[in-house]
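*Asks:*
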Amino acid sequence: MNVTGVGSTYNFIYNTKTGKLSTKDGSKNEFVDFCNGDVKGEDTETLNHFDEHTRYQFTRMLYAYGTGMTGQNPFADDEEVEITADIDSATER
Numbered sequence: 001m002n003v004t005g006v007g008s009t010y011n012f013i014y015n016t017k018t019g020k021l022s023t024k025d026g027s028k029n030e031f032v033d034f035c036n037g038d039v040k041g042e043d044t045e046t047l048n049h050f051d052e053h054t055r056y057q058f059t060r061m062l063y064a065y066g067t068g069m070t071g072q073n074p075f076a077d078d079e080e081v082e083i084t085a086d087i088d089s090a091t092e093r
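Going by full-length UniProt numbering, the letters in the sequence shown line up with residues 1 to 93, in that order.
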């Protein structure tokens, strides 16, 4: 058995002033609402534990970069920052 191409791609805009995520095209997105605290995970049928983990990873990354813990702050001069993440599953053969 060979399973490939399973994963997720995220492409968001992070507003450094408000601390909120939005979709790049401005469309409604349940994961964005979840990250922004507008909806709880148990109030949705499409989000799962993986989404909760992804939100945690986003908030940790934003905190680390936003506070300069990494030795650099890419948010310093920008009000909006694009965040792109490609999460690929392992290939099983």
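Positions of the beta carbon are idealized from the N, C-alpha and C atoms, including for glycine.
Please confirm whether Arg-55 and Phe-75 have their CB atoms less than 8 Å apart.
*Replies:* Contact check for Arg-55 against Phe-75 fails: the beta carbons are separated by 8 Å or more.
*Asks:* Using three-state DSSP, classify Thr-54 as helix, strand or coil.
*Replies:* Three-state DSSP puts Thr-54 in a helix.
*Asks:* Where does Phe-31 land, buried or exposed, given buried means 16+ other C-beta within 10 angstroms?
*Replies:* By the 10 Å Cβ count, Phe-31 comes out buried.
*Asks:* Tell me the DSSP secondary structure of Leu-21 in three-state form.
*Replies:* strand
*Asks:* If we cut at 8 Å on Cβ distances, does Tyr-65 have a partner in chain D?
*Replies:* Included in the structure is just one protein chain, with no chain D present.
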